[in-house]
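Mapping of the sequence shown onto numbering that gives the first Met the number 0: position 159 corresponds to residue 158, and the numbering continues sequentially without gaps.
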Amino acid sequence: MQRGQFTSRLGFILAASGSAVGLGNIWGFPTNAAENGGAAFVLMYLILAFALAYPALIAELIVGRHSRANMVTSLHTIASTPSGAKIATPVGLAGIITASMILCFYSLVAGWMLAHTMATLANALAFHTLAEWLVTFGLTRNILFACGFIGLTVWVISAGIEHGIEAWSRRLMPSLLLLLIALIVYVLLQDGAFEGLWVFIVPDFTQLANPQLIMSALGQAFFSMSLGVGTMLVYGSYLRADEN
């Protein structure tokens, strides 16, 4: 059976961006910035992203394209010593387990988003009792919509790279961009928005040596680029051989 590939550079970029610019970043980045000096955090994040995270991203993509396999097999492929081959399996499995744990909280939070989206539609159709249940925090609702989100994820992935991940990234990423623009406009219209924006623009350079800020910025940089769990490695394995 022939292995699927991304059909275009744009499709790959949109899919990779979808992995990076997700709910975790939209939610987590402002929180980290607010707790760690605002613009100082953003500045340190950009420095670490270009100095450490970006090279790691390129390395994962190169390893993936070279090996054309999953994380465990890819690490075995590039291992040049017996000791390297010995740790390839546990390191690869650790990445897969970490990705699975990330899916656990992502599916729960994404389930909340699905429920609130449906609540908006229910209110518009005058199903107020249903809408109230959809926005009320509860175990049944959380499990139902988390499973629903996982089901949608499996459905997209089962369609393969070209007709699944790439196709849906082409459809959904422009929608996410429009949603982000609308969110920015909405936030800027709130009281005190420009005072908060000033905190993001003007860095407090005395905070740059704060170890907590540095570690938070480093973690955010690696999380933003989906590094260390094999996501970019696997995406790289579906790149065409002639793609740069």
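Idealized CB from N, CA, C, for every residue including glycine.
Note that the structure is a prediction, hence the values are computed from the model and not measured.
- A distance below 9 Å separates the beta carbons of A216 and N31.
- Distance from the CA atom of N122 to the CA atom of V186, rounded to whole angstroms, is 24 Å.
- The three-state secondary structure of R169, taken from DSSP, is helix.
- In this structure, S225 sits near A15, with a CB-CB distance shorter than 9 Å.
- The region 112-120 makes no contact with the region 154-161, as fewer than three CB pairs between them are under 8 Å.
- In this structure A78 does not touch F199 by the C-beta definition: roughly 43 Å separates them, more than the 8 Å allowed.
- For R67 and L143, the gap between their C-alpha atoms comes out near 36 Å.
- Between the C-alpha atoms of H65 and S168 there is a straight-line separation of about 24 Å.
- In the structure shown, the three-state DSSP call for E242 is coil.
- For the 9 Å CB-CB criterion, L47 and A220 form a contact.
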